[in-house]
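The numbering of the sequence shown is the working numbering, which starts it at 53 and goes up by one.
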Amino acid sequence: MTGNHALLQDFKLKNGTHVAFGGDAGGKITGEGTVSNGVISFDKVNYCAQLNFNLLSVSQICDKSYSTLFDDSFCYILKPGFKIANEWVVVKAPRDRDVYKLDMSQIDAETETTCLIAHASNDESQLWHRRLGHSNFRNMNRLVTGNHAVGIPSKKFSTTDLCPACLKGKQHRMSFKSKLENSISKPLQMLHMDLFGPTNVQSIGKKSYCFVIIDDFTRFSWVYFLHAKSETAELLKEFIIKVENQLDCKVKVLRSDNGTEFKNANVDLFCAEKGIARQYSAPRTPQQNGVAERKNRTLIEAARSMLADAKIPITFWDEAIATACFVQNRTLLVQDKQKTSYELLFGRKPNISYLKAFGCPVTILNLSDHIGKFESKSDDGFFLGYSSVSKAYRVFNSKTNTVIETIDVKFLENSFPSVAHGPEWLFDLDSLSKSFDSNLFDFSGKARKESGDLGSFSDDSDNDEDGNLNSEYPFMSFHNPDHVKSSQAPGPSGSHEDQESNNLEEDVNPQFSPNDGGSVQNQPSSDPNVEVIPESFDYFINSPDQVPNFTPHTSTILQDLPNLNTSNLETQVQGGDIPIHRIHKKHPVSQIIGPLNQRTTRSQTEQANVCLYSCFLSQVVPKNISEALQDNSWIEAMQEELLQFRKQEVWKLVDLPEGENAIGTRWLYKNKPDERGIVVRNKARLIAQGYTQEEGIDYEEVFAPVARLEAIRVFLAYASFMKFKVFQMDVKGAFLYGPITDDVYVRQPPGFEDPDYPHRVYKLSKALYGLHQAPRIWYETLSKHLLEHGFTRGQIDPTLFMKRENDDLLCVQVYVDDIIFGSTSESMCKEFEEIMKSRFQMSSMGEINFFLGLQVKQPADGIFINQSKFVEKLLKKFKMQDCQTIRTPSDVNCKIQPDPKGKAVDQTLYRSMIGSLMYLTASRPDIMYAVCVCARYQSDPKESHLVAVKRIFRYLKGKPNLGLWYPYEGNFELYSYSDSDFGGCALDRKSTTGGCQFLGPRLVSWQCKKQTNVSVSTAEAEYIAASAGCSQVLWLQNQLLDYGFNFLKTPIYIDNTAAMFITANPVQHSKTKHIEIRYHFLRDNSEKGLIILIKVHTDKQLADLFTKSFLSGRFEFLIQSIGLINHD
């Protein structure tokens, strides 16, 4: 803000607010402008004549990507990109709007909260992320700030790099709501349990099942690995006896599903003798056992991420799950208590200083072999976990191919390998993931899992997502155990239970020296509230068994692991009209062409459908049917499409008559995003290969009208003038409603052929996407329906339908199956929705917000149209999101011209950029001229041309939110501006026509086009441009007739007097007699009174924006004058 008028450039009057300052009465803001010193400029500087000082906003400096630095002598304004190292930061004051606030309130000492002033480096953050079993960074920081664990640095952990392992291992849909209150008040009062398996890949200890037990109060977990489900009952009985004895608490309630491993006479008798109550989840309602189900997912996601990160064979999945359970017991905070499970169970904080990154390379001291003086004293291997029977680590020795437990090991945590050698399947994480997802529950024939609400049973909601989970990363493995030898590692082999230390409270606290790579020294604990590391690293956690003894011919044992495939088992399930849509690897046609009241599915599929770990929308669009059939989400999408065919009775399976041609079909796949760009639907569409049709044989008339973008803008402009809201609907499977009269046959859809009649074809009774006549048939069907209900079709625009009732008007604009509508009467809008829903299956989307790529906002005072999301997408697509901004899209001092000696650039990239920018001009006329000029060089783009295109992106980066503003206030008069340069094209010296048309203050159309003839004078160029502008005005006049407006003598503003004289008088001058006859229709329409030419000064010629480049001052004036604003 300033009181010195002389400092301001581009000054504009402004009716501002009153400002109080000092002890005076203050003053009023009466204007604003720009202040610049030649290096940096500041926009929107307010002018207040009563202010005696100049005030500069630090926040506005920062908004321009500059930084500020204050010392005792100067304030430094630093270039964009300047960063302060974290170690120099003492405290941060967050910005609140335009003010920076520093909270100086005292921290309550009782909260023991750590201030995270120091920031861990990216490498250190990633290292602890691995050590803590790929826990999310939010949970890691909560551990530190709340002092919930000992041994972890008091730093703030964050990373700029996404963890590929987490991206590979964790992705899921939104969770159900958690239980609000927990009535359990003590450990062991309730135990949740579940069993998942069998896995397609046996563990290295030949285990196929995992048994998970969770304490409800503490969320402390125990995992056991089993050969068979039949081992569950005895293991459960032994566990209860042991845990009650060790923790001096009684188990009161067991909660599980209805699996026979839990619900049997053996367990029932044991619980009856001990007085333990049983609770079972309702059939097909796994959410009632949500604590166990959620824990399964958390463990599996962590195991996936750890295996992906370490790149070790998938046969170590049990080691990964055991280590994940060990780490999560000590690191995850129970949400409502804000303590770790370990602290809640044992009353002291866990010490996690000894944790290591799973799968990291290690060197193991060789104590068993006789080593010569010059031979290596250590073997290579990788880290697997923590011993449950001794104070040692579990590692895999790559030399001996055995799992051993040892303390003489050094860790190389920052040296993870990236590539491995061996059988491909041994390192295929996807096969293991499918095993977890598909066989997570017991597929014994009972469909005991089905989606539903969690009800009152749920677990704490811990989000384990790290970064954006919408990307795919390749998985490559590391170690290659050619054969597995017998292991002489300590501890029993074949045990199915925990081997905990004899004394859970034994005070042995080994501390790890930071310099010895993991050697252990026994040092007493200084804090009685901190966990003392016991002789065994864990309580009640079942480490996977030691590698069993194999026969001498075990080199192929890993290749013979069972690959369980029960995906073809089918059961007939009676149901309603809405079939289950989640289908799997193979798809019986009975699901599609059978009776709608009977659905064919698989018990495995129906159960895995609700598995919370795989129940998400696919983010990747398949390229062909083979890829689609590997993804349940796309299979479901294809099923939904075919079920629509059944409901609409689109076709009938018949034999192909002689002499008839069957048209092929194919699948199209597309992810449907919402206005935020988030995928909300996987859409599969079956289309006919219409290019094989022959005109006159397979079809005749095919034309179907669609709305032009100018027509859409006219519709929205009219809505703003009439002050009514615009709503949006779309028709599901629109083409399927149009009856087809020709005999058209199509082949069966790929992947869904009838096994009994594979050579039959479908005869169409309704139109199918891809047929040449389908759009026309759909338009005729929709038009007929609307006309039958009292609508009138536009005489000029056949996609515009209107209905009048008394003084109220309902307007409907159609673009194929997308419909926008609005009315001066709310009841007419509701009536229209009912009319459409009575005939078609509709999706009502409420107020329009995203239509044909345009973002539309409807605040209280107008309508705003922009494409900011598309701008953001383009900047990211072409890697321009970090570019420096610029104030104009084209350089006035550097005109684009042919560059035959310039360096050639990728023609495909250049054309892609131009095409994307052309689409953006639907709401951004400010870049129209720059894009059109760059488009002239698409046939042979050079580096200089690419620089010009990138300048447009730099401009868009600085102004991504600009858009068209259609205010409610203002008249609805039609007028136009027309202009031309003279010989501006450097290729052929042809001139460029520019024009724009308004309805009151609302810009509805604009043009920028190179003229087809070389003009010999400015008068000729302006005359030709005015002729083009007249064409657009006549189209708008006719378009507005449907709205009830009859505009005559529409003003066209031009700035060339000679062109006006040529229009008014047919003078055969030597400079004008050669002008082509077709341009003289401007004179004809002027004589008819349809248009009138009006002289305007060049400074106020708004069409100038579309004919040449400008400096920033003139450019800003023009875009503001045509109604481009940044609406927040």
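We put the CB at the ideal spot given by N, CA and C, even for glycine. Model, not experiment: these values are computed from the prediction.
Please list, in chain order, all residues of the same chain as Cys935 whose beta carbon is under 7 Å from its beta carbon, the five residues on each side excluded.
Phe1005, Arg1006 and Lys1009.
In its own chain, which residues sit with a C-beta less than 6 Å from the C-beta of Val110, not counting the 5 before and 5 after it?
Thr120
Taking 8 Å as the cut-off, does the region 1020-1032 touch the region 1085-1094 (at least 3 CB pairs, one atom from each stretch)?
yes
Is the beta carbon of Glu857 closer than 8 Å to that of Ser1057?
Taking C-beta atoms as the reference points, Ser1057 and Glu857 fail to come closer than 8 Å.
Suppose you measure from the CA of Gly411 to the CA of Ile456; what does that come to, to the nearest Å?
The alpha-carbon atoms of Gly411 and Ile456 are separated by roughly 14 Å.
Residues in the same chain with beta-carbon distance under 7 Å from Asn1117, minus the five sequence neighbours each way, listed in chain order, please.
none
Can you name, in chain order, every residue of its own chain whose Cβ lies under 7 Å from the Cβ of Asn174, other than the five neighbours on each side?
Thr211, Thr212 and Asp213
Consult DSSP for Leu103 and reduce its assignment to one of helix, strand or coil.
coil
Determine the closest residue to Ala956 out of Lys921, Met932, Ala974 and Pro993, with distance taken between C-alpha atoms.
Pro993
Checking 8 Å against the spacing of the C-beta atoms, do Gln741 and Gly716 come in under that value?
yes
Quickly, what does DSSP pair His244 with across the bridge? List them, please.
Ile266 and Arg307
Excluding the 5 residues flanking Lys1101 on each side, which residues of the same chain have their C-beta closer than 6 Å to its C-beta?
Hits under 6 Å: Gly1141 and Ile1144.
In chain order, what residues of the same chain lie with their CB nearer than 6 Å to the CB of Val864, ignoring the 5 residues before and after it?
Phe853 and Phe873
Beta-carbon separation of Ser817 and Asn734 under 8 Å?
no
Mapping DSSP to helix, strand and coil, what is Lys66?
coil
DSSP on Lys836, reduced to helix/strand/coil?
helix
Given this structure, state the Cα-to-Cα distance separating Ser467 from Val414, to the nearest angstrom.
10 Å
Grouping DSSP H, G and I as helix and E and B as strand, with all else coil, what is Asn403?
Looking at Asn403 - three-state DSSP - the assignment turns out to be strand.
According to DSSP, is Lys928 helix, strand or coil?
helix
From the DSSP output, in three-state form, read off Gln1059 for me.
In this structure, Gln1059 counts as strand in the three-state DSSP scheme.
Pick out the complete beta strand (DSSP E) segments inside the region 967-1050, 3 residues or longer, and give them in chain order.
Secondary structure remark: continuous beta strand (DSSP E) runs of at least 3 residues inside the region 967-1050, in chain order: 1014-1019 and 1026-1032.
Taking a contact to mean a Cβ-Cβ separation below 8 Å, would you say Ile917 touches Leu906 in this structure?
Taking the C-beta atoms as reference points, Leu906 is found nearer than 8 Å to Ile917.
On the CB-based measure, 16 or more other CB atoms within 10 Å of its CB, does Ile136 come out buried or exposed?
exposed
Between which two residues does the beta strand (DSSP E) containing Tyr821 stretch?
For Tyr821, there is no enclosing beta strand (DSSP E), since its DSSP letter is neither H nor E.
Considering only the alpha carbon of each residue, which of Met965, Gln893 and Glu995 lies closest to Ala987?
Just measuring C-alpha positions, the residue of Met965, Gln893 and Glu995 sitting nearest Ala987 is Met965.
What residues match up with Tyr23 in a beta bridge as DSSP calls it?
Only positions 53 to 1180 of the chain appear in the structure, and residue 23 is not among them; the question remains open.
Considering only DSSP beta bridges, list what Glu84 is partnered with.
Lys64 and Asn98
Is Asn297 helix, strand or coil when you go by DSSP?
helix
Please return the same chain residues whose Cβ sits closer than 6 Å to the Cβ of Lys451, not counting the five positions on each side in sequence.
Asp431
So Gly898 is in the alpha helix (DSSP H); what residue range does that whole segment cover?
Here Gly898 belongs to no alpha helix (DSSP H); instead the beta strand (DSSP E) covers Met894 to Glu899.
Judging by CA-CA distance, which residue of Val141, Tyr99, Leu103 and Tyr867 is the nearest neighbour of Ser835?
Ranking Val141, Tyr99, Leu103 and Tyr867 by Cα distance to Ser835 puts Tyr867 first.
Tell me the rounded alpha-carbon separation between Lys928 and Asn1013.
16 Å
Determine the burial state of Gly278: buried for a count of at least 16 other Cβ atoms within 10 Å of its Cβ, exposed for fewer.
Correcting the residue type first, residue 278 is Leu in the shown sequence and not Gly. Sixteen is the threshold: when 16 or more other Cβ atoms of the shown chains lie within 10 Å of the Cβ of Leu278, as they do, the residue is buried.
Of the choices Ile739, Phe272, Asp1151 and Phe368, whose alpha-carbon is the least far from that of Pro827?
Ile739
Excluding the 5 residues preceding and the 5 following Val702 in the sequence, name in chain order all residues of the same chain whose CB lies nearer than 6 Å to its CB.
These residues qualify, in order along the chain: Leu788 and Lys818.
Do the region 307-325 and the region 435-444 make contact, defined as three or more Cβ pairs closer than 8 Å?
Segments in contact, no.
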